[in-house]
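K.L.:
Note that the working numbering numbers the sequence shown so that position 287 is 287, with each residue one more than the last.
Following this message is one structure expressed as structure tokens.
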Amino acid sequence: MSNDNVKNLIGQVFNEIADAMESGSFGNRVKVGLTTLGSELGVEELVKAAEMASRKYSDFEVVLIGPKADTKLTVYEVDCEADAQKKMEELLDSKEIQGCVTLHYNFPIGVSTVGRVVTPAKGKEMILATTTGTSSTHRVEGMVKNAIYGIITAKACGIENPTVGILNVDGARQVERVLKDLVSKGYDINFTESVRADGGAIMRGNDLLTGTPDVMITDSLTGNILMKMFSSYNTGGSYEASGYGYGPGVGEGYGRLINIISRASGAPVISEALRYCATCAQNNIIEISNNEFAKLDKAGFKDVLSKLTQASDKKEASSEEVVAPPKKVVTHDIAGIDILELEDAVQELWKKGVYAEGGMGCTGPIVLISDDEADSAKEILAAAGFIS
1 MSNDNVKNLI GQVFNEIADA MESGSFGNRV KVGLTTLGSE LGVEELVKAA
51 EMASRKYSDF EVVLIGPKAD TKLTVYEVDC EADAQKKMEE LLDSKEIQGC
101 VTLHYNFPIG VSTVGRVVTP AKGKEMILAT TTGTSSTHRV EGMVKNAIYG
151 IITAKACGIE NPTVGILNVD GARQVERVLK DLVSKGYDIN FTESVRADGG
201 AIMRGNDLLT GTPDVMITDS LTGNILMKMF SSYNTGGSYE ASGYGYGPGV
251 GEGYGRLINI ISRASGAPVI SEALRYCATC AQNNIIEISN NEFAKLDKAG
301 FKDVLSKLTQ ASDKKEASSE EVVAPPKKVV THDIAGIDIL ELEDAVQELW
351 KKGVYAEGGM GCTGPIVLIS DDEADSAKEI LAAAGFIS
């Protein structure tokens, strides 16, 4: 080896050491892939994003999987999306790369992606759990799992004790009860309080804008819409310009780190999606996931979910016809009942001889009963698990 080559090699080593020391990631540099086919914005936009991330961040390396491109970055050449994802899986399974950012990936049932946005009111980062995929075909069970996936991802982003809120969508009250049951069984969840005067862990639209929780729990379809709104509300919708993308696929036993972007994700989002993926790899999100599910097993997580789905199946199978008691003037309202259980709650009261009607208050579903039966109605609903 010539003296010039030796000097160049030494210089390269010292540069890498300096970069690592500056970024605080010495000894923890990872390699992250990016598939470049399938975007509505073209291959060039994804290459631009990769180069942007490479200039901005020195603690991880970006490699491309796609057609030949005019770039100094490493390119694994493929010419169709199917081959790109096969190559991605091959590189992940061989540990050649530690994570990858891609589009259109089909996760198995039980795995869904955890997005990350920057909220407009205060510029706060917030995790959306979840944004694509299906955690469960049972809505409430799926949202409960989404909560766990969000906590796992927040910890992988360096948030040791993330605050958690539940978006006020169908199933939210049931999810809250299940999660609080898990807390009572020993699994730690740090619930936050809404910015609205009545507080509580059920989050309103205001909480979305301010980024009240570190982790906002919702169903995947709602989460997907929110991701699109947060990332492109100031561009007209055809170009996602803000945030970190739809995030890593998380699920019990899932062993690949694959982050999702959309066909409309622009270079600024893709660049930060690469950052997001690299952070999850550096902090070993798969190990964090395994540890969290081990804690959940000790708390009887599977039994909790089994009871939840069995209760739903039992309600669906019941053909009992309940006759309403004599009608009364109903002026007292009981809140905290999930919209999906409102009719069942009313019928539970009817069975016990208490006349009730379903209604909708300014903060959500309510059961209306007469003033003189308020206390007994609350006892009945609490005993049946409709309110806590």
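Built from N, CA and C at the ideal position, the CB exists for glycine as well.
Give the secondary structure of Tyr149 by DSSP, where H, G and I count as helix, E and B as strand, and everything else as coil.
P.N.:
Helix.
K.L.:
Just the C-alpha distance for Thr210 and Glu141, rounded to the nearest angstrom, thanks.
P.N.:
C-alpha separation (whole angstroms): 27 Å.
K.L.:
Considering only the beta carbon of each residue, do Ala377 and Leu349 sit closer than 9 Å?
P.N.:
Yes, the pair counts as a contact, with Cβ atoms nearer than the cut-off.
K.L.:
For Gly266 versus Leu128, is the C-beta spacing smaller than 9 Å?
P.N.:
Cβ distance not < 9 Å, so Gly266 and Leu128 don't count as in contact.
K.L.:
Per DSSP, Lys115 is paired with what?
P.N.:
The sequence given here has Gly at residue 115, not Lys. Answer by DSSP bridge pairing, in chain order: Leu128.
K.L.:
Quick check on Phe386: buried or exposed, where buried means 16 or more other Cβ atoms within 10 Å of its Cβ?
P.N.:
With 16 or more Cβ atoms within 10 Å of its Cβ, Phe386 is classed as buried.
K.L.:
Assuming Ile166 is part of the alpha helix (DSSP H), what are its boundary residues?
P.N.:
Here Ile166 belongs to no alpha helix (DSSP H); instead the beta strand (DSSP E) covers Thr163 to Leu167.
K.L.:
Tell me which residue opens and which closes the alpha helix (DSSP H) that Tyr276 is part of.
P.N.:
Per DSSP, Tyr276 belongs to the alpha helix (DSSP H) from Ala267 to Gln282.
K.L.:
So, at 6 Å on beta carbons, what are the nonlocal neighbours of Tyr76 in its own chain, with the 5 sequence-adjacent residues on each side left out?
P.N.:
Excluding positions up to five away in sequence, the list reads Ile65 and Lys87.
K.L.:
Rank Lys228, Ser135 and Ile97 by C-alpha distance to the C-alpha of Leu305 and give the top, closest one.
P.N.:
Of the candidates Lys228, Ser135 and Ile97, the one whose C-alpha sits nearest the C-alpha of Leu305 is Ser135.
K.L.:
Does the Cβ-Cβ distance between Ala345 and Val367 come in under 9 Å?
P.N.:
For Ala345 and Val367, yes; Cβs fall inside 9 Å.
K.L.:
Starting from Asp207, trace the beta strand (DSSP E) both ways and give me its first and last residue.
P.N.:
First-last for Asp207: Gly205 to Thr210, but that is the alpha helix (DSSP H), not the beta strand (DSSP E).
K.L.:
Would you report the Cα separation of Ser388 and Thr218, rounded to the nearest angstrom?
P.N.:
Rounded to the nearest angstrom, the two C-alpha atoms are 20 Å apart.
K.L.:
Our contact map puts Thr102 next to Ile339 with C-beta atoms below 8 Å; I'd like the distance itself, whole angstroms only.
P.N.:
Their Cβ separation, rounded to whole angstroms, is 36 Å, which puts Thr102 and Ile339 out of contact at 8 Å.
K.L.:
So Val62 and Val32 are supposed to be a Cβ contact under 8 Å. How far apart are they, rounded?
P.N.:
Contact holds; Cβ gap of about 6 Å.
K.L.:
How close, in whole Å, do the beta carbons of Ala264 and Tyr239 come, if the pair is a contact with beta carbons under 8 Å?
P.N.:
Indeed they touch by this definition, with Cβ atoms about 6 Å apart.
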